[in-house]
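Working notes, beginning with the structure itself.
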Amino acid sequence: MRIRLIIVRRPKRATDFFKQGVTETSDMDPTVYRLKVTLRGSRPPIWRRLEVRADVTLFQLHQILQVVMGWTDSHLHQFRRGATNYGQSDPEFGMRRESERRVRLNDVLRNPKDRMVYEYDFGDGWEHDIVLEVNALSPAVGPTPRVVAGKGACPPEDVGGIGRYYGFLEALRNPKHPEHQDMLEWCGGHFDPNAFELDEINTYFRSRRRRRTDA
183 MRIRLIIVRR PKRATDFFKQ GVTETSDMDP TVYRLKVTLR GSRPPIWRRL
233 EVRADVTLFQ LHQILQVVMG WTDSHLHQFR RGATNYGQSD PEFGMRRESE
283 RRVRLNDVLR NPKDRMVYEY DFGDGWEHDI VLEVNALSPA VGPTPRVVAG
333 KGACPPEDVG GIGRYYGFLE ALRNPKHPEH QDMLEWCGGH FDPNAFELDE
383 INTYFRSRRR RRTDA
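Just so we're aligned, residue 183 is where the sequence shown starts under the working numbering, counting upward by one.
Quick look at the structure:
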């Protein structure tokens, strides 16, 4: 398999939620949630622990997740809790979803251990388990969104899903693998599956807040 791809680690639309004031405290709902997000099928687990306002919309949460996981917002997505899907409806394919722009996080997850699934790229099928760990943090803990812990690099976009991702890593590790050179070129010559830069992600969020304040 010979593929060419330039991996970009920041989503193109990840700044929109700053324009909507979701990092500011309001009287409506100042509560902050702590979430744990784990990429299904990853071994060892690829996960992030983050703190966000409870009243962000699911669309805003999507944008935040793209940044904290490391995706590039290049594909479709949806949230799923029970039998209900949230996202953008697709009448052409008969897919009905509740609007993610109207539903807030605290409409879906309310109590510790409540969970839902975030699916990104329906072709590769990246599913993330989102678990509400703490539902009553004070805004005094600091500005949000922010990442407080995590482990493991985000897989490259378009690698083919979790199974193909581990095949990709195997090819990279083994110079004698028949796809070693192709995969090395495809990923730009280097890929570290353990890479995770918490400070870099939070610096990005802080820079967006400063730009919004200065605008």
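In this text, a Cβ means the ideal position worked out from N, Cα and C, and glycines have one as well.
Any idea if residue i is buried or exposed, counting beta-carbon neighbours within 10 angstroms, 16 or more meaning buried?
i      : result
Glu367 : exposed
Ala353 : buried
Pro338 : buried
Pro327 : buried
Asp381 : exposed
Gly269 : buried
His372 : exposed
Gln363 : exposed
Glu301 : buried
Ile188 : With a pLDDT of only 32 at Ile188, under the threshold of 50, the placement of this residue in the model should not be trusted; the figure read from the coordinates follows. Ile188 is exposed by the Cβ-count criterion.
Short of 8 Å in beta carbon distance, which residues of its chain neighbour residue i, apart from the five on each side in sequence? Order them along the chain.
i      : result
Arg278 : Asn267, Ser271
Val250 : Val219, Arg230, Leu232, Pro327, Val329, Gly332, Ile383
Asp374 : Ala335
Phe378 : Gly332, Lys333, Gly334, Ala335
Leu319 : Thr213, Val214, Tyr215, Arg216, Glu233
Val341 : Asp306, Tyr347, Phe350
Leaving out five residues on either side along the sequence, give the residues of the same chain with a beta carbon under 7 Å from the beta carbon of residue i.
i      : result
Tyr348 : none
Pro294 : Leu314, Glu315, Val316, Asn317
Asn170 : There is no way to answer for residue 170, as the model of the chain reaches only from 183 to 397.
Gln260 : Asn267, Tyr268, Gly269, Arg279, Glu301
Phe241 : Glu282, Arg283
Leu243 : Val234, Leu287
Report back the beta-carbon spacing between residue i and residue j to the nearest angstrom; my notes put them in contact at under 8 Å.
i      : j      : result
Arg297 : Val313 : 5 Å
Glu309 : Arg222 : 4 Å
Arg292 : Thr239 : That belief does not hold up - the Cβ atoms of Arg292 and Thr239 are roughly 16 Å apart, past 8 Å.
Ser224 : Ile344 : 7 Å
Leu287 : Ala322 : About 20 Å; that fails the 8 Å criterion.
Pro325 : Arg391 : 6 Å
Bridge partners for residue i per DSSP, in chain order?
i      : result
His310 : Leu221, Tyr300
Arg235 : Val214
Arg230 : Val219, Gly332
Can you list, in chain order, the residues of its chain whose CB lies under 6 Å from that of residue i, leaving out five sequence neighbours each side?
i      : result
Ser263 : With the sequence shown as reference, residue 263 is identified as Arg, and Ser is not the correct amino acid for it. Hits under 6 Å: Val290, Met298.
Phe304 : Leu258
Asp211 : Because the pLDDT of Asp211 is 48, which lies under 50, any placement of that residue in the model is unreliable, and the question is left without a value.
Ile228 : Leu221, Gly334
His463 : The structure shown does not extend to residue 463, since the chain is modelled only from 183 to 397, so the question has no answer here.
Gly307 : Gly343
Glu361 : Ala353
Notebook entry, point to check: Taking the runs of the beta strand (DSSP E) that are 3 residues or longer, which of them lie wholly in the stretch 246 to 297?
Noted result: 259 to 263, 266 to 269
Margin query: I'd like the ranges of any alpha helix (DSSP H) spanning at least 4 consecutive residues and lying wholly in the stretch 309 to 376.
Written below: 344 to 355, 362 to 368
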